[in-house]
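Visitor: Residue numbers (our numbering), protein chains in the order written: chain Y, 1 to 293; chain C, 1001 to 1316. Note that the Cβ used here is the ideal one computed from N, Cα and C, for glycine as well. Just so you know, these numbers come straight off a predicted model, no measurement behind them. Next up is a structure, given as structure tokens.
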């Protein structure tokens, strides 16, 4: 009996391992297939028209040498390596290392996001605790929530008169809603019996908020924060394209103007990676406060 | 019957609970309910779902307010929840993010916030040991079985040394074996500490084993506190043999008869206008001949069909 149980768990574990392994193998296969397809697709063997050398100088490589205008995976990898070797150089306003640009974006997102945390969680708490405030604030939230954060940009630029602060404001306004709504929901959905435990123990409202409602609502609040960080990272790229100057969004737009598709693809890759890291941080935090029932 | 000061440790005085009914008007759950309990007494309340047992318990806990009437505990009217009245919830209501120790310490630190951490833990440990959970202090509720969770709930309630323990069907979610063991523990602890207990139950045997008095409510809505059964079994009864006591079947049949037929008929009679003194509810000691009944109050056996013909009344 004992051995059969042990073997069952062992084979189960082996099964799990093999699923993980098999998934990795499939992932790598998909990656290689995609890279190969990309590489072949961008090889370029188009017909090269004979032309006057003077004229050929004005034309791109597609016309003169038959190569693809789209960079291949090797070009992007080389570019990425170049950026990673020297991420923080600064050669004037239009030529900064991609590390500096990402740092600008992350700093804006962090400030706007933290301001949103400080604003949304207390307000969400209030809404969750008070049916009156919940009903009173509901129409405002319903109207403000669906507004694209970028629609606020002109108003922000006009009133704040600073493009850097305006982009922080846009991050703030887009991060606020999921956090506020989730906090309100989490707080209002705290099990009555837990609140009753505190009531019968004569626990005061402040201690009750911190010892019962906050831990009980924490998983829901953190889920809202995780949604918000995702949205904030989506919005910062667009906001920086608008305001310009610094940031990964500006970098993408600048490289588009330079017609450096290699840099654009590199930036897209980096945006994805940073977004994943931000999401994973919040996922970790959510796991920390989640309790089994 | 003369009033002794200890007789009215808890005094429920004419409480009524009404809820607004859909489509206007109000549904009366129960009306003008009177009941008193002695210090150190174990009272079980029994009745069908919807008769307002839980509402009575919540009013005693201060979690709910009566529409009319008051409840006086130890000379003080109840105005809200109090740490002197501990509640053991049917669903145990442990805080899942805290350990066993954390849950009990939460109660202890609410009662004695100025105590040092070590003293609070010591007090908590004492009651964790008392309910037999030594060694599980650092487990979270999710790692415990249903019976163990309810033990934590009991330890938490006892650790604040309450004047009254209010239990809302504490054992109903447990399997029969665990229930039996926990009943033994609760009875032992309550006898040792002289705890005053008010408990809701649906289990007739549980009420006969645990209770000094079984309070029976008629069906709701418009429920009345129909009758009080004084438990004639000896105080030193054991779970292993209390059902062999000569008076056991008399009590059991009486309570079951009540639940099966009279809980409805009494409600209907009272509703139809039959005289019923809500302040002096009939008290019976089934199976005990009149001459043997203690403290001079004559009891009736077998029960008369109409409560109004009953002679004994609640001590007040």
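Using a Cβ distance threshold of 8 angstroms, determine whether the stretch 1228-1240 of chain C contacts the stretch 1259-1275 of chain C, with at least three qualifying pairs required.
Guide: Too few Cβ pairs lie closer than 8 angstroms, so no.
Visitor: Going by DSSP, what residue range makes up the alpha helix (DSSP H) through residue 249 of chain Y?
Guide: Taken as a continuous stretch (DSSP letters only), the alpha helix (DSSP H) holding residue 249 of chain Y covers 248-257.
Visitor: Could you give the DSSP three-state label for residue 1285 of chain C: helix, strand or coil?
Guide: It is coil, neither helix nor strand.
Visitor: Taking the beta strand (DSSP E) that residue 1030 of chain C belongs to, which residues open and close that run?
Guide: That run of the beta strand (DSSP E) goes 1026-1037.
Visitor: Using 8 angstroms as the Cβ pair cut-off and three pairs as the minimum, do the stretch 1006-1019 of chain C and the stretch 1053-1069 of chain C touch?
Guide: Touching, yes.
Visitor: Compare the beta carbon distance of residue 170 of chain Y and residue 150 of chain Y with 8 angstroms and say whether it is the shorter of the two.
Guide: Result yes, Cβ atoms of residue 170 of chain Y and residue 150 of chain Y sit closer than 8 angstroms.
Visitor: Report yes if the C-beta of residue 1083 of chain C is less than 7 angstroms from at least one heavy atom of the ligand NAD; otherwise report no.
Guide: Ligands displayed in this structure: none; no statement on the ligand NAD is therefore possible.
Visitor: Does chain Y have any CB closer than 8 angstroms to the CB of residue 1010 of chain C?
Guide: So no, residue 1010 of chain C is outside the interface.
Visitor: For residue 187 of chain Y and chain C, any beta-carbon pair shorter than 8 angstroms?
Guide: No, no contact with chain C.
Visitor: Here's a check: name, in chain order, each residue in its chain whose Cβ is nearer than 6 angstroms to the Cβ of residue 79 of chain Y, leaving out the five neighbours to either side.
Guide: Answer for residue 79 of chain Y: 262, 266, listed in chain order.
Visitor: So which of C:1079, C:1045, C:1075 has the shortest CA-CA distance to residue 1059 of chain C?
Guide: Per the Cα distances, C:1079.
Visitor: When DSSP labels each residue in this structure, what does residue 1072 of chain C get in the three-state scheme?
Guide: Of the three classes helix, strand and coil, the one that applies to residue 1072 of chain C here is strand, per DSSP.
Visitor: Do you know how far the Cα of residue 1169 of chain C is from the Cα of residue 1286 of chain C?
Guide: Approximately 24 angstroms between the Cα atoms of the pair.
Visitor: Could you give the first and the last residue of the continuous beta strand (DSSP E) run that contains residue 1011 of chain C?
Guide: Where residue 1011 of chain C is concerned, the enclosing beta strand (DSSP E) stretches over 1010-1020.
Visitor: For residue 51 of chain Y, name the three-state secondary structure that DSSP assigns.
Guide: Coil at residue 51 of chain Y, not helix or strand.
Visitor: Flag residue 1198 of chain C as yes if its beta-carbon sits less than 8 angstroms from any beta-carbon of chain Y, otherwise no.
Guide: No, residue 1198 of chain C lies away from the interface with chain Y (no Cβ there is under 8 angstroms from its Cβ).
Visitor: If the cut is a Cβ gap below 7 angstroms, which residues of chain Y does residue 1110 of chain C touch?
Guide: Near residue 1110 of chain C (Cβ distances below 7 angstroms), the residues of chain Y are 201, 202, 203.
Visitor: Starting from the beta carbon of residue 194 of chain Y, find every residue of chain C whose beta carbon is closer than 8 angstroms, and list them in chain order.
Guide: Simply 1093, 1095.
Visitor: Flag this pair as yes or no: are the beta carbons of residue 1148 of chain C and residue 1088 of chain C separated by less than 8 angstroms?
Guide: No, the pair does not count as a contact, with Cβ atoms beyond the cut-off.
Visitor: Starting from the C-beta of residue 1130 of chain C, find all residues in its chain whose C-beta is less than 8 angstroms away, skip the five residues before and the five after it, and write them out in chain order.
Guide: Result list for residue 1130 of chain C: 1155, 1158, 1189, in chain order.
Visitor: Beta carbons nearer than 9 angstroms to chain Y: which residues of the stretch 1136-1149 of chain C have them?
Guide: Here the close residues are 1140, 1141, 1142, 1143.
Visitor: Using a Cβ-Cβ cut-off of less than 7 angstroms, list which residues of the stretch 280-292 of chain Y approach chain D; keep chain order.
Guide: Among the protein chains in the structure shown, which are Y and C, there is no chain D.
Visitor: In three-state DSSP terms, what is residue 1242 of chain C?
Guide: Correct three-state label for residue 1242 of chain C: helix.
Visitor: Alpha helix (DSSP H) containing residue 153 of chain Y: first to last residue?
Guide: Residue 153 of chain Y -> alpha helix (DSSP H) spans 153-160.
Visitor: Around the C-beta of residue 86 of chain Y, are 16 or more other C-beta atoms found within 10 angstroms, so that it is buried, or is it exposed?
Guide: With fewer than 16 other Cβ atoms within 10 Å, it is exposed.
Visitor: Is the beta carbon of residue 282 of chain Y less than 8 angstroms from the beta carbon of residue 225 of chain Y?
Guide: Yes. Within cutoff.
Visitor: Can you find the residues in the same chain that come closer than 6 angstroms, C-beta to C-beta, to residue 120 of chain Y, ignoring five residues on each side of it along the sequence?
Guide: Excluding sequence neighbours, residue 120 of chain Y sits near 176, 179, 180.
Visitor: Report the rounded CA-to-CA distance for residue 219 of chain Y versus residue 1140 of chain C, giving the unit in angstroms.
Guide: Distance between the alpha carbons of residue 219 of chain Y and residue 1140 of chain C: 17 angstroms.
Visitor: Just checking, does the stretch 66-83 of chain Y make contact with the stretch 205-220 of chain Y on the three C-beta pairs under 8 angstroms criterion?
Guide: In short, these stretches do not touch, since the Cβ pair count stays below three.
Visitor: Strictly below 7 angstroms CB to CB, what residues from chain C border residue 215 of chain Y?
Guide: Per Cβ cutoff of 7 angstroms: 1097.
Visitor: Helix, strand or coil for residue 1044 of chain C, going by three-state DSSP, please let me know.
Guide: Residue state, collapsed to three classes: strand.
Visitor: Using 8 angstroms for Cβ pairs, my map puts residue 1222 of chain C next to residue 1042 of chain C. What's the rounded Cβ distance?
Guide: Not really, about 28 angstroms apart at Cβ, beyond 8 angstroms.
Visitor: Can you say whether residue 1046 of chain C is buried or exposed, counting buried as having 16 or more other CB atoms within 10 angstroms of its CB?
Guide: By the 10 Å Cβ count, residue 1046 of chain C comes out buried.
Visitor: Between residue 197 of chain Y and chain C, is the shortest Cβ-Cβ distance under 8 angstroms, so that the two count as touching?
Guide: For residue 197 of chain Y, the answer is yes, since a Cβ of chain C falls inside 8 angstroms of its Cβ.
Visitor: Within 8 angstroms (strictly less), CB to CB, does residue 1291 of chain C reach chain Y?
Guide: At residue 1291 of chain C the pLDDT is 45, less than 50, meaning the model places this residue with poor confidence; the figure from the coordinates comes in the next sentence. Chain Y, which has no Cβ nearer than 8 angstroms to the Cβ of residue 1291 of chain C, makes this no.
Visitor: Taking CB distances under 8 angstroms as the criterion, tell me whether residue 1063 of chain C reaches chain Y.
Guide: Chain Y, which has a Cβ nearer than 8 angstroms to the Cβ of residue 1063 of chain C, makes this yes.
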